[in-house]
Structure formats: structure tokens, C-alpha cells
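Residue numbers (our numbering): 21 to 116.
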């Protein structure tokens, strides 16, 4: 879902059936590409959540804390004038 929010499109858009999706994701382990300009914290969080081993995936409490920290950082940087969310690669699509 986080990938979808950042990319503003469905992952595996060319996959035509549930069977093809299962083969692509579950058997081959293919994941959507993370954007080069996406914030490193979000990119790392996504790839960690995609681990094949459930034991290696972060707990939801950790996911929540990472997302909250990212929002706080963006808010602080915007207030300090160090970032313009309208020009930010991930957020520019949301603000026009």
C-alpha cells in the first residue's frame, strides 16, 4: 500500500490474473521497483516489509514509528524552509 501511495499507480499493472500474480510475487519473489527519488527511509521500510521471511519483517509498531518520524521530519524541514512539499518527488502529485 505504501508503494502504491508513493507511486500513485497499481503495482504489477501488466499482470492479468490472480494466477499470474501468485507466480510473479509469491513464487518468483518479484517486487515493484522503488523510485530513485523516494525518501530513503520510506524505501527501506518498504523493502523490509517485503522480506520473504515474516520473522524478518518489521512489527507494525515499528512501521508506525518510522512513518510518524518521517512525517515529523518533513514538517520540520518545511517549517524551516529546507523543503517544499510541492516540489518533493513523493508529495508533489498530491498537491498539484
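Don't be surprised by glycine CBs; every beta carbon is placed ideally from N, CA and C.
For clarity, every value in this text was computed on a predicted model and none was experimentally measured.
When the cut-off is 8 Å and only beta carbons count, does residue i lie next to chain B?
i	result
residue 77	This model lacks chain B altogether; it includes just one protein chain.
Given a threshold of 16 other Cβ atoms within 10 Å of its Cβ, counted over all protein chains shown, does residue i qualify as buried or as exposed?
i	result
residue 62	buried
residue 112	Only weak support is given to the placement of residue 112: the predicted model assigns it a pLDDT of 47, under 50, and the value that follows is read from those uncertain coordinates. With fewer than 16 Cβ atoms within 10 Å of its Cβ, residue 112 is classed as exposed.
residue 89	exposed
residue 115	At residue 115 the pLDDT is 41, less than 50, meaning the model places this residue with poor confidence; the figure from the coordinates comes in the next sentence. The residue is exposed, with fewer than 16 neighbouring Cβ atoms inside 10 Å.
Which two residues bound the contiguous alpha helix (DSSP H) that contains residue i?
i	result
residue 68	60–69
residue 40	38–41
residue 25	22–27
Below 8 Å on the Cβ atoms is my contact criterion, and I expect residue i with residue j to pass it. Report the Cβ-Cβ distance as a whole number of Å.
i	j	result
residue 52	residue 74	Their Cβ separation, rounded to whole angstroms, is 19 Å, which puts residue 52 and residue 74 out of contact at 8 Å.
residue 66	residue 23	6 Å
Out of the options, point me to the one whose CA is closest to residue i's CA.
i	options	result
residue 28	44, 96 and 54	54
residue 82	39, 56 and 64	64
residue 84	49, 47 and 69	69
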